[in-house]
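J.: Please see the structure below; I have some questions.
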Amino acid sequence: MKKTPLTLALLASTIFLTACTDDGDNGQNGLNSLIQQTPLVLGNDDCWSAGTRIESGLDKNQNGELDANEIQQSSIQCGPNLFTQGVALPYQNLTSFKANGTTIASAFTLRQGGFGSDVAAHPTNNKQFYAITDRGPNADYNDGVNGAGKIFPMPS
């Protein structure tokens, strides 16, 4: 029966320790953490192909804005570089032309897509169109009679 006093002592200490529920006074409120995302335009020094600068930190002056002296971390997420070697530009095939021995020396496909080119039909003259491009027409030809040149699509 030597275990009884030890058991009673353990039981009493457990009761006394669990009865302590006072956790003290509340401390001061903490600072808010802020995140700021800034879009980067195409050609930006940090991200040539555009992207987003992500900055975070604590709002030390509690003005609800992330000021320059409050930034603790910064990262940049760049957009995809579409001009790197091996990247396919999006396009769709508009029409295909076969070599006919007079104006078209070899078969080719007229494509719509890429960057910087477009063709629009004249609104009233079906034999006239406008080609706007930053790289020239996409179709070379050499008919053997008139020499080499460019072929423009004709709206129907």
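Counted the way mature numbering (1 follows the signal peptide of the UniProt record, and there is no 0) counts, the sequence shown spans residues -21 to -1, 1 to 135. All C-beta atoms, glycine included, are put in the ideal place defined by N, C-alpha and C.
1. For G9, tell me which candidate among G30, G36 and A29 has the shortest Cα-Cα distance.
2. In this structure, how does DSSP classify T(-15) when only helix, strand and coil are distinguished?
3. For P30, does the count of other Cβ atoms within 10 angstroms reach 16, so buried, or fall short, so exposed?
4. Spell out the partners DSSP gives A127 in its beta bridges.
5. Using three-state DSSP, classify E44 as helix, strand or coil.
6. Among P59, N60, G58 and I33, which has the Cα closest to the Cα of A47?
7. Nearer than 8 Å: is that true of the beta carbon of Q15 relative to any heavy atom of the ligand SAM?
8. From this set, Q56, N40, A99 and L(-16), which residue's C-alpha is nearest T17's C-alpha?
9. What are the boundary residues of the beta strand (DSSP E) that includes N105?
10. Quick check on the DSSP output: the beta strand (DSSP E) that includes L13 runs from which residue to which?
T.: Per the coordinate set shown:
1. On the sequence shown, position 30 is the one that residue 9 refers to. The shortest Cα separation from G9 among G30, G36 and A29 belongs to G36.
2. Translated into positions along the sequence shown, residue -15 becomes position 7. Looking at T(-15) - three-state DSSP - the assignment turns out to be helix.
3. Here the question's residue 30 lines up with position 51 in the sequence shown. The identity of residue 30 in the sequence shown is Gly, whereas the question assumes Pro. If you draw a 10 Å sphere on the C-beta of G30, you find 16 or more other C-beta atoms in it, and that means buried.
4. Position 148 of the sequence shown, counted from the first residue, corresponds to residue 127. BP columns for A127 point to N121.
5. For this step, residue 44 is matched to residue 65 along the sequence shown. E44: coil per DSSP, three-state reduction.
6. For the purposes of this step, residue 47 is taken as the residue at position 68 of the sequence shown. Minimum Cα distance to A47 is reached at I33.
7. Although the ligand SAM was asked about, the structure shown includes no ligands whatsoever.
8. To locate residue 17, count along the sequence shown from 1; it is residue 38. If we check each option's Cα against that of T17, Q56 comes out closest.
9. Here residue 105 is taken as the residue at index 126 of the sequence shown, counted from 1. Counting along the chain, N105 falls outside any beta strand (DSSP E), and DSSP gives it neither H nor E.
10. Here the question's residue 13 lines up with position 34 in the sequence shown. Segment S12 to L21, the beta strand (DSSP E) holding L13.
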